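The structure under discussion appears below in the form of structure tokens.
Protein chains: 2
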Amino acid sequence: MGRLAIIAGSGALPGLVAAANPAVIVRLAGVDSDAQGEAVIAARLERLGQLFDDLHGAGVTDICLAGAMRRATFDTSALDEATEALLPRVMSAQARGDDALLRDIMAIFEEQGFTLRGAHDLRPDLVAPLGALAGQADQVGDAARARAVLAALGPLDVGQAAVAAKGQMLGIETLQGTDAMLRHVADTAPGSRGVLVKRAKPGQDLRVDMPAIGPETIALAARAGLSGIELQAGHVLLLDPKAVIAAARGHGLNLWAVP
Amino acid sequence: MGRLAIIAGSGALPGLVAAANPAVIVRLAGVDSDAQGEAVIAARLERLGQLFDDLHGAGVTDICLAGAMRRATFDTSALDEATEALLPRVMSAQARGDDALLRDIMAIFEEQGFTLRGAHDLRPDLVAPLGALAGQADQVGDAARARAVLAALGPLDVGQAAVAAKGQMLGIETLQGTDAMLRHVADTAPGSRGVLVKRAKPGQDLRVDMPAIGPETIALAARAGLSGIELQAGHVLLLDPKAVIAAARGHGLNLWAVP
Chain A
14 MGRLAIIAGS
24 GALPGLVAAA
34 NPAVIVRLAG
44 VDSDAQGEAV
54 IAARLERLGQ
64 LFDDLHGAGV
74 TDICLAGAMR
84 RATFDTSALD
94 EATEALLPRV
104 MSAQARGDDA
114 LLRDIMAIFE
124 EQGFTLRGAH
134 DLRPDLVAPL
144 GALAGQADQV
154 GDAARARAVL
164 AALGPLDVGQ
174 AAVAAKGQML
184 GIETLQGTDA
194 MLRHVADTAP
204 GSRGVLVKRA
214 KPGQDLRVDM
224 PAIGPETIAL
234 AARAGLSGIE
244 LQAGHVLLLD
254 PKAVIAAARG
264 HGLNLWAVP
Chain B
14 MGRLAIIAGS
24 GALPGLVAAA
34 NPAVIVRLAG
44 VDSDAQGEAV
54 IAARLERLGQ
64 LFDDLHGAGV
74 TDICLAGAMR
84 RATFDTSALD
94 EATEALLPRV
104 MSAQARGDDA
114 LLRDIMAIFE
124 EQGFTLRGAH
134 DLRPDLVAPL
144 GALAGQADQV
154 GDAARARAVL
164 AALGPLDVGQ
174 AAVAAKGQML
184 GIETLQGTDA
194 MLRHVADTAP
204 GSRGVLVKRA
214 KPGQDLRVDM
224 PAIGPETIAL
234 AARAGLSGIE
244 LQAGHVLLLD
254 PKAVIAAARG
264 HGLNLWAVP
């Protein structure tokens, strides 16, 4: 691997990747990140031409997109030439959904000669391993029900998470994300003792938008009155593992991963 | 048709059915209903044997379940003999989901010799007709996206409604119902100009749990910043049609029905 740049989204992941890998940090306008690195490049999505020049100038060969990019600003009146040329592609990808947009942005970086690296590849110690992590695995019943719903939605590029309780669906993740869904379940169906299942979508490119849970996800699941959380082993990041497992134990939640 | 009894769930539907059809009203413990009829039978789900006797005694031959039954109480320590014998069936249906439970309760009434009548059959004037009802039909784009999501979930007995905006899913109905989903969308993704699609699940028995919208659904859709609502013609009730259409016009929402 040559020199690494981390395009820093929000949340803990960019910092966790940078802590274990010497890297240049790219800060996007509109995205809050306190990740620290060897150097910082300030960037705007409207000025990708400038960003490519800055990255090449810093000797960067490898790129890692880490964290949520959802709040990055994009002002079509401030485009540089390179970005203007890419605009029709980005717009059409945006209309096809979250994943399509991210896949297209990744492809653009690859065309510029950068190698794309997944956070799971740079921090394999964060990836959920198979088996029980806290309490015990409880993968029949509600977990199986939520898993079936996610499997049905996957081909439509919808749903990384769902909550089932006593055979009934209480939450299906949409654009607003897992935490918003858990808050909704807490508000509208408290004390259900249900199960949250979180998985990658079938065919999802883990280098871009790998599902992740943190101690806050555990706290929200506990507030929603759930009994446990099932992850997809190898396909969900724990941010960070010790804190997540301690939180699950502290709240008396089962936490496990299945294939 | 012989004598009709309406088992009154919550909401406006029982009253609307009773207003057009002479009927005995069955009031279930725990369910709020102000529907008025020729006579009233007070009933408890734990005492179905008593209810069957009361219905036969009143000369009832036809039964209509109307409105939401979700809040009916069911205390397993207060069962009469007939209900106790039915309990294993009801419990196993309950574990299989909302529809399974309702289908099973319907089957039990049919075995007792009653004819089941759908609210849509007793009030055909409330059923959504094909075409534009307010504003104009806008059935491509977001409506098609939400429809595809419901079609994928239907075989799992999940989802009568979903919201899509700019190709992204913002809400997928779960047990809490359409109004709870719209409140969630209003709180977490306001001003999206998205589309709500409401349909029956494939194979859903319309005599039991027919999807319905009222003026409140329109007001919630407007509060969520949606641009329109698509219904399934012949499969969704309007409670009541004049008020629903007036509300849609008043809020500047498109309202239409497709096959």
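Same order as they appear, the protein sequences are chains A and B.
Just so we're aligned: the first sequence equals residues 14 to 272 in our numbering.
Just so we're aligned: the second sequence equals residues 14 to 272 in our numbering.
In this text, a Cβ means the ideal position worked out from N, Cα and C, and glycines have one as well.
Predicted, not measured: the structure shown is a model, and the values here were computed from it.
- [ ] Evaluate the contact criterion for the segment 261–272 of chain B versus the segment 233–253 of chain B: three or more CB pairs, one atom per stretch, below 8 Å.
- [x] They touch, by the three-pair rule.
TODO: Taking all protein chains shown into account, decide if A/K255 is buried (16 or more other Cβ within 10 angstroms of its Cβ) or exposed.
DONE: By 1-based counting over the first sequence, the position of residue 255 of chain A is 242. Counting the other CB atoms within 10 Å of its CB gives A/K255 a total below 16, which places it among the exposed residues.
Open item on the list: Strictly under 7 Å for the Cβ-Cβ distance: is B/V153 near chain A by that measure?
Closed with: Start at 1 with the first residue of the second sequence, and residue 153 of chain B comes out as number 140. With 7 Å as the cut-off, B/V153 does not count as an interface residue toward chain A.
Open item on the list: Our contact map puts B/K214 next to B/I226 with C-beta atoms below 8 Å; I'd like the distance itself, whole angstroms only.
Closed with: As a working note, residue 214 of chain B is residue 201 in the second sequence. As a working note, residue 226 of chain B is residue 213 in the second sequence. Wrong, their Cβ atoms sit about 16 Å apart, outside the cutoff.
- [ ] Mind listing the chain A neighbours of B/V273? Cutoff is C-beta to C-beta under 7 Å, in chain order.
- [x] A query on residue 273 of chain B cannot be resolved here, the shown segment of chain B reaching from 14 to 272 and no further.
- [ ] Identify each residue in the segment 183–195 of chain B for which the Cβ-Cβ distance to at least one residue of chain A is less than 7 Å, and report them in chain order.
- [x] L183, G184, I185, T187, L188, Q189, A193
Open item on the list: Suppose contacts are defined by Cβ-Cβ distances below 7 Å. Is B/G144 in contact with B/L219 by that definition?
Closed with: Your numbering for residue 144 of chain B matches position 131 in the second sequence. Your numbering for residue 219 of chain B matches position 206 in the second sequence. The answer is no: Cβ separation not under 7 Å.
- [ ] Compute the Euclidean distance between the alpha carbons of A/L81 and A/S205, then round it to the nearest angstrom.
- [x] For this step, residue 81 of chain A is matched to residue 68 along the first sequence. For this step, residue 205 of chain A is matched to residue 192 along the first sequence. It is Ala, not Leu, that sits at residue 81 of chain A in the sequence shown. Straight-line Cα distance between these residues: approximately 29 Å.
Open item on the list: Suppose the cutoff is 7 Å on Cβ atoms and the five residues either side in sequence are ignored; what does the same chain contact list for B/L129 look like?
Closed with: The residue labelled residue 129 of chain B in the question sits at position 116 within the second sequence. Around B/L129: I76, M119, F122, E123, R220.
TODO: Report all residues from its chain with a CB closer than 8 Å to the CB of A/L250; omit the five preceding and five following residues, and keep chain order.
DONE: On the first sequence, residue 250 of chain A is found 237 positions in, with the first residue counted as 1. Excluding sequence neighbours, A/L250 sits near L26, A132, H133, R136, L139, V140, A141, M223, P224, A225, I226.
Open item on the list: Let me see if you follow: with CB-CB separation under 7 Å, is B/A156 close to chain A or not?
Closed with: If you number the second sequence from 1, residue 156 of chain B lands on position 143. Residue-level contact check: B/A156 does not touch chain A, since none of the beta carbons of chain A fall below 7 Å from its beta carbon.
Open item on the list: Would B/T201 pass as an interface residue toward chain A - the criterion being a Cβ-Cβ separation below 7 Å?
Closed with: Numbered from 1 along the second sequence, position 188 holds the residue referred to as residue 201 of chain B. B/T201 counts as touching chain A.
- [ ] Using a threshold of 7 Å, state whether the C-beta atoms of B/W269 and B/A150 are closer than that.
- [x] For the purposes of this step, residue 269 of chain B is taken as the residue at position 256 of the second sequence. For the purposes of this step, residue 150 of chain B is taken as the residue at position 137 of the second sequence. Cβ distance < 7 Å, so B/W269 and B/A150 count as in contact.
Open item on the list: In this structure, how does DSSP classify B/K255 when only helix, strand and coil are distinguished?
Closed with: Taking the first residue of the second sequence as position 1, residue 255 of chain B is located at position 242. Correct three-state label for B/K255: helix.
Task: Nonlocal neighbours in the same chain, by C-beta distance under 6 Å from A/G207, ignoring five residues either side - done: Along the first sequence, one-based indexing puts residue 207 of chain A at 194. Answer for A/G207: D155, V176, A177, A178, L183, L239, listed in chain order.
Task: Three-state secondary structure assigned by DSSP to B/Q189 - done: For this step, residue 189 of chain B is matched to residue 176 along the second sequence. In this structure, B/Q189 counts as coil in the three-state DSSP scheme.
Task: Proximal chain A residues relative to B/H197, where beta-carbon distance stays under 7 Å - done: Along the second sequence, one-based indexing puts residue 197 of chain B at 184. Those within 7 Å of B/H197 in chain A are H197.
- [ ] Compute the distance between the beta-carbons of A/S17 and A/A36, then report whether it is under 7 Å.
- [x] Within the first sequence, residue 17 of chain A is the residue found at index 4, counting from 1. Within the first sequence, residue 36 of chain A is the residue found at index 23, counting from 1. Position check: residue 17 of chain A holds Leu in this sequence, whereas Ser was assumed. For A/L17 and A/A36, yes; Cβs fall inside 7 Å.
- [ ] Using beta-carbon positions only, say whether B/I54 and B/V39 come within less than 7 Å of one another.
- [x] For the purposes of this step, residue 54 of chain B is taken as the residue at position 41 of the second sequence. For the purposes of this step, residue 39 of chain B is taken as the residue at position 26 of the second sequence. Yes.
TODO: Using alpha carbons as the reference points, say which of A/L58, A/I231, A/G247 lies closest to A/G241.
DONE: To locate residue 241 of chain A, count along the first sequence from 1; it is residue 228. When only C-alpha atoms are compared, the closest one is A/I231.
TODO: Compare the C-beta of A/A174 with all C-beta atoms of chain B and state if any pair is closer than 7 Å.
DONE: The residue given as residue 174 of chain A occupies position 161 in the first sequence. A/A174 does not count as touching chain B.
Task: Opening and closing residue of the alpha helix (DSSP H) in which A/G241 lies - done: What you label residue 241 of chain A is simply residue 228 of the first sequence in a count that begins at 1. Looking at the DSSP string, A/G241 is not in any alpha helix (DSSP H); the run it does join, the beta strand (DSSP E), is 241–245.
Open item on the list: Can you find the residues in the same chain that come closer than 6 Å, C-beta to C-beta, to A/I258, ignoring five residues on each side of it along the sequence?
Closed with: Residue 258 of chain A sits at position 245 when you count from the first residue of the first sequence. Taken in chain order, the residues that qualify are L146, A147.
- [ ] Name the two residues that bound the continuous beta strand (DSSP E) containing B/G144.
- [x] The residue given as residue 144 of chain B occupies position 131 in the second sequence. Taken as a continuous stretch (DSSP letters only), the beta strand (DSSP E) holding B/G144 covers 144–147.
Task: Neighbour list for A/A33 in chain B, Cβ cutoff strictly below 8 Å - done: Here residue 33 of chain A refers to the residue found at position 20 when the first sequence is read from its first residue. The contacting residues do not exist; A/A33 stays about 33 Å from chain B at best.
Task: Under 7 Å between C-beta atoms of B/L252 and A/A165 - done: Mapped onto the second sequence, residue 252 of chain B falls at position 239. Mapped onto the first sequence, residue 165 of chain A falls at position 152. Their beta carbons are not under 7 Å apart, which means B/L252 does not touch A/A165 by this criterion.
TODO: Could you pull the start and end residues of the alpha helix (DSSP H) that A/T230 belongs to?
DONE: On the first sequence, residue 230 of chain A is found 217 positions in, with the first residue counted as 1. Its alpha helix (DSSP H) spans residues 228–236.
Task: 7 Å Cβ cutoff, B/A213 in contact with chain A - done: Locating residue 213 of chain B in the second sequence gives position 200, where the first residue counts as 1. Judged by the 7 Å Cβ criterion, B/A213 is not in contact with chain A.
Task: Cross-chain neighbours of B/A165 in chain A, by beta carbon under 8 Å - done: By 1-based counting over the second sequence, the position of residue 165 of chain B is 152. Result: A165, L166, P168, L169.
TODO: Ignore the nearest five residues each way along the sequence and tell me which others in A/Q49's own chain have a CB closer than 8 Å to its CB.
DONE: Here residue 49 of chain A corresponds to residue number 36 of the first sequence, with the count starting at 1. Spatial neighbours of A/Q49 in its own chain (CB-CB distance under 8 Å, excluding positions within 5 residues in sequence) are listed in chain order as G28, A31, I38.
TODO: For the beta strand (DSSP E) containing A/D75, list its first residue and its last residue.
DONE: Numbered from its first residue, the first sequence carries residue 75 of chain A at position 62. A/D75: member of the beta strand (DSSP E) spanning 73–79, first to last residue.
Open item on the list: Could you compute how far the alpha carbon of A/L244 sits from the alpha carbon of A/G172?
Closed with: Sequence index remark: in the first sequence, residue 244 of chain A carries index 231 (1-based). Sequence index remark: in the first sequence, residue 172 of chain A carries index 159 (1-based). Cα to Cα, A/L244 sits roughly 14 Å from A/G172.
Open item on the list: Given this structure, state the Cα-to-Cα distance separating A/I20 from B/R102, to the nearest angstrom.
Closed with: Taking the first sequence and counting its residues from 1, the one referred to as residue 20 of chain A is at position 7. Taking the second sequence and counting its residues from 1, the one referred to as residue 102 of chain B is at position 89. Approximately 56 Å between the Cα atoms of the pair.
TODO: Could you check how far apart the C-beta atoms of B/G72 and B/V44 are, in whole angstroms? I think they sit under 8 Å.
DONE: Numbered from 1 along the second sequence, position 59 holds the residue referred to as residue 72 of chain B. Numbered from 1 along the second sequence, position 31 holds the residue referred to as residue 44 of chain B. Actually they are not in contact, since the Cβ atoms of B/G72 and B/V44 sit about 24 Å apart, beyond 8 Å.
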